[in-house]
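Each residue of the sequence shown is one higher than the last, beginning at 56 in this note's numbering.
What follows is a single structure, written as structure tokens, with notes after it.
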Amino acid sequence: MNTFEQALQQELSQLKEGKNHRFLKSPPGKELLDVSSNDYLGLRDLPHLQKEFFEKHPDISLFPFSASSSRLLTGNHKEYLKTEELLATLFQREAALILNSGYHANTGILSALCHKDDLIIADKMVHASLIDGFRLASCDFVRFKHQDFKHLENLLQRHASTHKCIYVVTESIFSMDGDTTDLQALLALKKKYGFILYLDEAHAIGVRGDKGLGCAEEAQCLQAVDLIVGTFGKALASQGAYLICNQIVKDFLVNKMRSLIFTTGLPPVNVAWTYFILKQLSDFQNRRNHLQQITQNLRNELTKFSNFAVPGDSHIVPVVVGSNEQAENLSGYLQSKGIYALPIRHPTVPKGTARVRFTLHAGMEESQINLLIEALKAYEAGLE
Ligand code: PMP
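See the structure below:
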């Protein structure tokens with residue numbers, strides 16, 4: 056090992072000691088119950104859906120597996136335009152822009168839009184992709200305590216007169232605590248202070264709202280949220296992301312957004328699949344209802360017997376156990392019982408709040424929720 060590699064080895068050893076070493080795992084086999092992936096509507100493995108897609112597209116050669124260039128060059132296949140039109144129609148907004156991933160969206164949008172005399176104010180627990188975007192932006196950013204709108208208002212009062220434009224950034228459902236943002240309360244502040252609202256609906260698209268458009272649809276405020284971002288990589292069983300916005304914002308981003316301009320577009324075949332799913336999104340209401348139902352059952356049961364904190368109110372159900380080691384232990388125990396639930400450790404979450412997070416899927420049956428409950432009961436009994 057040369058000195059360069061030795062230095063890397065040392066850092067890796069420290070991660071191992073702190074029980075937060077990461078490695079690339081094989082996905083769980085069918086024998087394990089998957090409560091770790093983000094396939095919230097359970098659409099990913101439905102053979103009839105895939106068959107129907109290929110029947111609808113018999114000449115697959117029309118849908119290349121590569122865009123072969125940036126959308127700004129030759130990569131802007133007609134599937135993009137069709138899907139963006141569909142998105143704008145569904146959300147009843149002027150425009151939509153498809154991006155390669157939620158990560159590309161969150162790193163690229165604000166870093167393009169913000170100028171140095173602007174300010175970003177974000178919830179303390181927003182996703183790493185957003186934080187990377189703030190770091191790339193040429194303006195300052197400050198954070199308000201998680202879901203604490205009093206703190207947000209204090210910051211708005213303090214900064215309103217000193218910055219040209221303020222962007223408030225949050226998520227509708229938070230991935231670590233599984234809690235839901237009160238959008239009406241946020242919009243009341245927006246009315247008072249006139250900021251630009253950026254809402255990441257990564258964990259809500261497909262899952263919430265009558266048409267599955269997310270929490271902004273559910274709260275009937277699709278028009279009021281300036282910038283709505285979501286990913287196709289979770290409930291929609293695809294890949295890529297979208298921004299819903301006004302036309303002027305889209306035109307600006309097409310000119311300025313580096314993570315759109317300087318990267319190869321998504322494969323057209325993938326965009327066609329996204330279109331196919333989006334077209335029937337409103338028909339998955341039974342799946343959304345079932346997901347709500349099993350979420351309620353699991354959360355109710357956990358409050359009855361568990362000594363662990365179970366924050367949030369959504370289909371993302373975290374069981375907070377404390378140290379990284381405890382989270383690994385619980386995850387290992389569950390795996391021995393046929394349940395694939397991964398630990399979320401510090402530094403991804405604050406120290407002492409390591410957890411095992413259950414992401415529920417609409418394809419899960421009640422009996423599988425019961426298996427989960429019984430395994431957790433047995434684990435907690437063993438700790439006594
Ligand atoms: N935003 C949030 C809130 C997320 O949780 C994630 C992914 N975990 C992303 C954005 C990134 O989305 P993608 O996987 O499409 O890059």
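We put the CB at the ideal spot given by N, CA and C, even for glycine.
Predicted, not measured: the structure shown is a model, and the values here were computed from it.
Proximity of residue i and residue j at Cβ, strictly below 9 Å
i	j	result
G130	G320	yes
E139	L127	no
D203	T225	no
S386	V404	no
Q423	L87	no
I283	I299	yes
F307	A167	yes
I260	L252	no
A271	F339	no
V324	F120	yes
T292	R99	Reading off the sequence, residue 292 comes out as Ala, not Thr. Contact: yes.
I228	D234	yes
N161	S125	no
I332	F363	no
A192	L210	no
L244	L207	yes
A240	D94	no
V372	T358	no
L104	K266	no
L314	L154	Reading off the sequence, residue 314 comes out as Ser, not Leu. Contact: yes.
Check: residue i C-beta below 8 Å from any heavy atom of the ligand PLP
i	result
F413	Questions concerning the ligand PLP fall outside what the structure shown contains, since the ligands it does hold are the ligand PMP.
Segment limits, beta strand (DSSP E) that includes residue i
i	result
F413	A409 to T414
C-beta neighbour in chain D for residue i, strict 9 Å
i	result
R77	Annotation note: the requested chain D is absent from the structure, which comprises a single protein chain.
Three-state secondary structure (DSSP) of residue i
i	result
G285	strand
R198	strand
V372	strand
V365	coil
D14	Here the chain has residues from 56 to 439 only, and residue 14 is not among them.
P102	helix
I186	helix
G377	strand
D203	coil
Y95	coil
I260	coil
N325	helix
S166	helix
A382	helix
D172	coil
K311	helix
K247	helix
N209	helix
G418	coil
S193	coil
F120	coil
V280	coil
Unbroken alpha helix (DSSP H) run spanning residue i, endpoints
i	result
C300	It is not in any alpha helix (DSSP H) - C300 instead sits in the beta strand (DSSP E) that spans A296 to C300.
C270	C270 to E273
R342	Q340 to F360
E435	E421 to L438
A143	K133 to F146
F59	T58 to E72
According to DSSP, residues forming a beta bridge with residue i
i	result
V224	A177 and Y253
S125	T319
T235	I228
I153	Y297
A394	The amino acid at residue 394 is misidentified as Ala; the sequence shows Ile. Partner(s): L88.
I493	Outside the modelled stretch of the chain, which goes from 56 to 439, sits residue 493, for which no answer is possible.
Rounded Cβ spacing between residue i and residue j (contact assumed at less than 8 Å)
i	j	result
V197	I221	Contact flag wrong, Cβ pair sits at about 10 Å.
H214	C194	Going by Cβ atoms, the distance from H214 to C194 rounds to 11 Å, so no, they are not a contact pair.
G188	M312	Not confirmed; about 11 Å, so no contact.
L415	H370	4 Å
T329	G295	6 Å
M56	Q64	6 Å
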